[in-house]
Structure formats: C-alpha cells, structure tokens
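Enquirer: Residue numbers (the UniProt record's numbering): 1 to 345.
Ideal Cβ positions, reconstructed from N, Cα and C, are used throughout, including at glycine.
Predicted, not measured: the structure shown is a model, and the values here were computed from it.
Quick one: structure below, then a few questions.
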C-alpha cells in the first residue's frame with residue numbers, strides 16, 4: 001500500500017513540477033515583453049517623492065535622439081539641454097523622444113541620470129522614428145522632394161522631414177508640444193516658453209523664431225532681384241526666415257487647419273517653389289520658411305530671445321553690416337542655441 005501511494009505521489013509531483021516550470025517560463029517571457037512595451041509607451045519612473053500629474057498638466061517636450069547609440073555628441077547634448085531645463089523649472093516635464101531602437105538604451109540611461117541628479121520624476125515616451133516616417137511616408141516623400149534639392153549630408157534623413165506632420169505622427173491625446181534641438185541651454189523657466197502658446201493668434205498653428213543669419217537673403221536672391229524692396233528674405237521686421245531649434249507646435253490647431261494641411265500637397269508646394277524660385281535643402285526649416293513667406297498667418301513669431309543662435313558662419317560670406325542686421329537679438333536671452341560650429345558658454 002505504501003509503495004502504491006509512493007508511485008501515485010511520484011506521478012503527481014513530476015507533472016506538477018513540469019507545469020510549474022512551464023508557467024514560470026511563460027511568466028518570465030510575458031514580463032519581459034510587457035516591460036519592453038511599457039518602456040516604449042509609458043513613463044519611466046525615477047523618483048517616488050513627487051506625485052504624478054494628469055497628462056495634460058505636463059509641459060510636453062519633443063526631440064530627436066536618432067543615432068545616439070553611436071554619436072556621443074547627441075548624448076552629451078541631450079544631457080546638457082535637459083539639465084538646463086530642470087535647473088530652471090519646477091514644472092512637471094514629459095519627454096517625447098523620437099529615435100531608432102538601437103539608441104533607446106543609451107538615451108534612457110542618460111536622461112534617467114539627469115533626472116536623478118535633480119531628484120525629479122522622468123516621464124518619457126519613446127517613439128520609433130523610422131516607423132513614424134513609414135506611417136507618414138506620403139507626406140515625408142512630398143516634403144523631401146522639394147526641400148532636399150542638394151545632398152547636404154546631415155539633412156539626408158527623414159527626421160528632417162517629419163516635424164511638418166507631427167500632428168499626424170503623435171497620438172491625438174497630445175495637444176501641444178515644444179520641439180527642441182539638443183544643443184540648447186535654457187537660462188529661464190520653460191514654463192514661460194510654454195505660456196507663449198497663449199499668445200497665438202486665431203490662425204497661428206506653429207510658434208517659431210527667426211533664423212539669425214542671412215541664410216534666406218541668399219536663398220531667395222533670385223526672387224529678391226526681380227522684386228526690389230520685397231520683405232522676402234529681408235532682415236526684421238522683414239521675413240528673414242525661421243530656425244527650427246525651438247518650435248511650438250499646437251497639434252490640435254494643425255489638425256484642424258485646412259490651410260496648413262493643404263500645404264502638404266505636391267502641386268501647391270511645387271507652385272510655391274516656382275513662385276519664389278526657391279530650392280530648399282534644409283528640410284523642415286525650409287518648409288516652414290517658404291510657407292511662412294506666403295502664409296505668415298500660420299506662424300506665431302517667437303522672439304529671438306527664445307532661440308538665440310550663436311553660429312556666425314555667414315559673417316565671412318556677406319558684408320558685416322548686413323550680417324549684424326540679421327544676427328542681432330536685443331534684450332534678455334532665454335535660450336542659447338549652439339547651432340553650426342558654435343560652443344555654449
């Protein structure tokens with residue numbers, strides 16, 4: 001009888017152990033998969049001493065982190081820019097980072113380290129930028145066709161043709177977002193920059209600061225020659241063009257604006273390029289600049305103090321007096337932008 005009981009027990013235990021092992025392995029696989037999914041779509045918590053905020057209460061910031069896995073300049077730039085933001089604000093921040101999947105680990109590690117330094121919660125969503133470009137392929141291809149007329153190496157990437165369709169690429173629950181380059185230094189509270197959204201006029205969908213070099217004086221030279229006295233490409237208060245280092249995107253307004261969405265049309269862009277004899281090669285910056293020449297009502301003019309560019313590369317290309325008219329930026333500087341070969345102080 002004892003021997004029979006022992007055999008029955010053995011028959012029970014072995015299947016039990018096998019099933020338990022199988023369930024454990026399945027749980028591990030599920031947890032691994034679930035954790036990865038959360039990391040791509042929800043916030044990564046770095047601190048428990050600050051309460052979470054409703055999604056709409058955050059200041060939402062977007063930037064590109066593509067190639068961070070192999071380019072330390074991008075990583076260091078992220079760290080400096082994010083550090084300067086947290087150093088000057090107590091407002092809750094939510095980051096939206098557009099990158100390739102290879103760069104996610106290094107980017108996450110860098111941003112978490114910065115957040116810990118300031119004892120702040122890191123709220124972040126990662127987006128597969130290549131997937132976003134594929135999902136918006138038609139618009140990206142159209143924009144690339146007209147604003148990449150010559151191969152300027154660093155601009156030969158879909159990230160420079162994607163911000164124009166942020167209103168389609170980002171989820172609908174995201175209403176407004178501040179897009180930033182990763183070579184910035186904030187000198188004031190980003191909350192004040194966010195408040196610039198409140199100054200938008202009814203037709204404004206994007207807030208953007210002027211380009212502080214005579215780039216577009218040169219790029220619109222043919223049109224300017226045929227149209228003496230034009231404001232196109234002229235220094236302020238003329239239309240000297242835009243710089244995309246700091247951009248305010250009102251995504252809801254972009255989604256609703258029939259005019260803005262019409263600009264993503266192949267025929268309309270072709271006609272604008274012909275009218276202004278414009279051959280763009282700087283991606284989204286050229287798109288916003290050209291469409292702003294024809295439809296200035298779409299753009300809120302962000303003061304140069306919110307994007308004080310430091311690059312002076314054009315100083316040797318034009319008369320110094322002309323350069324200074326474009327490059328000047330009076331008053332208190334809020335954000336320094338180390339574009340080109342410039343170095344932050």
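(1) Return helix, strand or coil for residue 307, following the three-state DSSP convention.
(2) Would residue 126 and residue 99 be called neighbours here (beta carbons separated by less than 8 Å)?
(3) Going by C-alpha to C-alpha distance, which of 336, 140, 296 and 212 sits closest to residue 201?
(4) With a cut-off of 8 Å, do at least 3 Cβ pairs link the stretch 114-130 to the stretch 259-266?
(5) On the premise that residue 59 lies in contact with residue 194, defined as a C-beta separation below 8 Å, what is that separation, rounded to the nearest angstrom?
(6) Could you give the DSSP three-state label for residue 166: helix, strand or coil?
(7) DSSP state of residue 65, grouped into three classes?
(8) Between which two residues does the alpha helix (DSSP H) carrying residue 292 extend?
(9) Residues in its own chain within less than 8 Å of residue 341 by CB, not counting five upstream and five downstream?
(10) Which residues mark the beginning and the end of the alpha helix (DSSP H) in which residue 125 is found?
(11) Do you know how far the Cα of residue 221 is from the Cα of residue 209?
(12) Nearest CA to the CA of residue 77: which residue from 92, 321, 110 and 55?
(13) Rounding to the nearest angstrom, what Cα-Cα distance links residue 188 and residue 82 in this structure?
(14) I'd like to check one pair, residue 140 with residue 158: are the Cβ atoms closer than 8 Å?
(15) Please name the residue, chosen from 67, 145, 268 and 71, that lies closest to residue 282 on a Cα-to-Cα basis.
(16) Is it the case that the CB of residue 122 approaches a heavy atom of the ligand FMN more closely than 7 Å?
(17) With respect to the beta strand (DSSP E) encompassing residue 301, which residues constitute its N-terminal and C-terminal limits?
(18) Could you pull out every residue in the same chain whose Cβ sits closer than 7 Å to the Cβ of residue 133, ignoring the five residues on either side in sequence?
(19) Use the C-beta contact count for residue 254: other C-beta atoms within 10 angstroms, 16 or more gives buried, fewer gives exposed.
(20) Give every residue of the same chain whose Cβ lies closer than 8 Å to the Cβ of residue 75, excluding the five residues on either side of it in the sequence, and list them in chain order.
(21) Apart from the five residues just before and just after residue 257, which ones in its own chain have a Cβ nearer than 8 Å to its Cβ?
(22) On the CB-based measure, 16 or more other CB atoms within 10 Å of its CB, does residue 66 come out buried or exposed?
(23) How about residue 247 and residue 280: do their beta carbons lie closer than 8 Å?
(24) So, helix, strand or coil for residue 160, using DSSP?
(25) Three-state secondary structure (DSSP) at residue 145?
(26) Quick one: grab the DSSP three-state call for residue 175.
Expert: Result, derived from the coordinates:
(1) In this structure, residue 307 counts as coil in the three-state DSSP scheme.
(2) Cβ atoms of residue 126 and residue 99: closer than 8 Å.
(3) Closest by alpha carbon: 296.
(4) The stretch 114-130 is not in contact with the stretch 259-266.
(5) Between residue 194 and residue 59 a beta carbon distance of about 5 Å is seen, short of the 8 Å cut, so the two are scored as contacting.
(6) Judged by DSSP in its simplified three-state form, residue 166 adopts helix.
(7) Of the three classes helix, strand and coil, the one that applies to residue 65 here is coil, per DSSP.
(8) Per DSSP, residue 292 belongs to the alpha helix (DSSP H) from 284-294.
(9) 311 and 313, listed in sequence order.
(10) Here residue 125 belongs to no alpha helix (DSSP H); instead the beta strand (DSSP E) covers 123-128.
(11) Taking the straight line joining both Cα atoms gives about 21 Å.
(12) Nearest C-alpha to residue 77 among 92, 321, 110 and 55: 110.
(13) Residue 188 and residue 82 have their C-alpha atoms roughly 13 Å apart.
(14) The criterion of a C-beta distance shorter than 8 Å is satisfied by residue 158 and residue 140.
(15) Considering only alpha carbons, the answer is 145.
(16) Although the ligand FMN was asked about, the structure shown includes no ligands whatsoever.
(17) Per DSSP, residue 301 belongs to the beta strand (DSSP E) from 299-301.
(18) Correct list, in chain order: 140, 158 and 162.
(19) Burial of residue 254 is indicated by the presence of at least 16 other C-beta atoms within 10 angstroms of its C-beta.
(20) Excluding positions up to five away in sequence, the list reads 68, 106, 107 and 110.
(21) Hits under 8 Å: 203, 205 and 298.
(22) Counting C-beta atoms within 10 angstroms of its own C-beta, residue 66 has 16 or more neighbours from the protein chains shown and is therefore classed as buried.
(23) Remark: C-beta atoms of residue 247 and residue 280 do not approach each other more closely than 8 Å.
(24) Note: residue 160 maps to helix in three-state DSSP.
(25) Helix, per DSSP.
(26) If DSSP states are grouped into helix, strand and coil, residue 175 belongs with coil.
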